[in-house]
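Spelled out as structure tokens, the structure:
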């Protein structure tokens, strides 16, 4: 078991060394880091979805608009 995991580690190490030495590999890693940074920023800005998160506030705003439109349609239909 140890020999197998050691061989897999060595193969992965060699693969990543070749990947990093190529310019395309470095660019891919840079893009991955940028994607992680943007994801982290969005998580911080939008929140984790708690009650005070911006996503729930947006949902509440749209619900209020929908309810208001529904009430307006009901009033227009009864007159």
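Residue numbers (the numbering used here): 22 to 100. Positions of the beta carbon are idealized from the N, C-alpha and C atoms, including for glycine.
Residue i versus residue j: straight-line alpha-carbon distance, rounded
| i | j | result |
| --- | --- | --- |
| residue 78 | residue 66 | 13 Å |
| residue 14 | residue 83 | No statement about residue 14 is possible, as the shown extent of the chain runs from 22 to 100 and does not include it. |
| residue 63 | residue 29 | 35 Å |
| residue 92 | residue 61 | 40 Å |
| residue 27 | residue 37 | 15 Å |
| residue 97 | residue 56 | 49 Å |
| residue 39 | residue 25 | 21 Å |
| residue 58 | residue 94 | 45 Å |
| residue 54 | residue 89 | 44 Å |
Beta-carbon contacts of residue i that lie in its chain and below 6 Å, excluding the five residues immediately before and after
| i | result |
| --- | --- |
| residue 49 | none |
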